[in-house]
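One structure is given here, and the rest of the page talks about it.
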Amino acid sequence: MSRENPDIANLGEVQPIAEKRKERIETSKLLEAVEKNYQPKRGGINNILLKTASLILIWFIMLTSLYILVAGHNAPGGGFIAGLVVSGGMVLMYLCFGKPFVTNTRVNYRMFLPVGLSCALGTGLGGLFFGKPFLTHAFGHVPLPFFGDWELTSASVFDFGVFLVVIGTCLTIIMNIGENK
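The opening position of the sequence shown corresponds to residue 8 in this note's numbering, with each subsequent residue numbered one higher.
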């Protein structure tokens, strides 16, 4: 019978190809729906490599920031740059882990802004109490065990205040943008 009608013979050969195409169309529709409605679990990027690397990198970022903050008095760096480095590290963690990172962080970064402003303003007003001009800095040397002679300056307190202000400002802006998304 199939030899008499060539269309029926070709139908038998075409049927498996049509079924494969139908499966591909259904799979592509499923993938498209998943892509449109995909939301990572618990927020953030769902990439295990990036999450693991960020957990390791954050320690180096924080140590680098601490070095920049401490060395900023006598070398390039200081509170502003160190604050930007910490803010960048915190934004990396926020991108990787999402909203739970912010809610589980025990540090209230919004309080950094007024505390930092108080440090910077207090340092500036310190000179006025001793009859000196505003923002006059003082320094002294203190012997510390294991570290030797350590120079203490009021400029370091000012840098620390700027450090806190930059962290508080940057994180408040970034987290507010993230909440509105």
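Don't be surprised by glycine CBs; every beta carbon is placed ideally from N, CA and C.
Keep in mind that this is a model prediction, so the values were computed, not measured.
C-alpha distance - residue i paired with residue j, whole-angstrom precision
i, j, result
"Gly134", "Leu142", "6 Å"
"Leu91", "Phe146", "26 Å"
"Met97", "Phe165", "23 Å"
"Gly129", "Pro150", "25 Å"
"Leu178", "Phe136", "34 Å"
"Met203", "Ile24", "The question about residue 203 has no answer, for the chain in this structure spans 8 to 188."
"Ile174", "Tyr116", "7 Å"
"Cys103", "Ala60", "10 Å"
"Ala80", "Ala89", "What sits at residue 80 in the sequence shown is His, not Ala. Near 12 Å, if we compare the C-alpha coordinates of Ala89 and His80."
"Gly185", "Val109", "10 Å"
"Leu171", "Ala82", "20 Å"
"Lys58", "Lys139", "51 Å"
Beta-carbon proximity of residue i to residue j, cut-off 8 Å
i, j, result
"Val169", "Gly95", "no"
"Val161", "His144", "The sequence given here has Ser at residue 161, not Val. Cβ distance < 8 Å, so Ser161 and His144 count as in contact."
"Gly203", "Phe167", "Within the shown structure, residues of the chain are numbered from 8 to 188, placing residue 203 beyond reach of any answer."
"Val93", "Met69", "yes"
Counterpart residues of residue i in DSSP-defined beta bridges
i, result
"Asp166", "Note: Asp166 sits in no beta bridge, so no partner."
"Glu186", "According to DSSP, Glu186 bridges with nothing at all."
"Leu159", "Gly147"
Min CB distance residue i to chain B below 8 Å
i, result
"Met69", "Among the chains in the structure shown there is no chain B, since it carries only a single protein chain."
Report yes or no: do the segment 66-76 and the segment 153-160 share at least 3 C-beta pairs separated by less than 8 Å? Contact between the segment 66-76 and the segment 153-160 is absent, because fewer than three Cβ pairs lie under 8 Å.
Secondary structure, beta strand (DSSP E): runs of 3+ residues fully inside the segment 96-151: 146-151
With contact counted as at least three CB pairs below 8 Å, one residue from each stretch, are the segment 97-110 and the segment 57-64 in contact? yes
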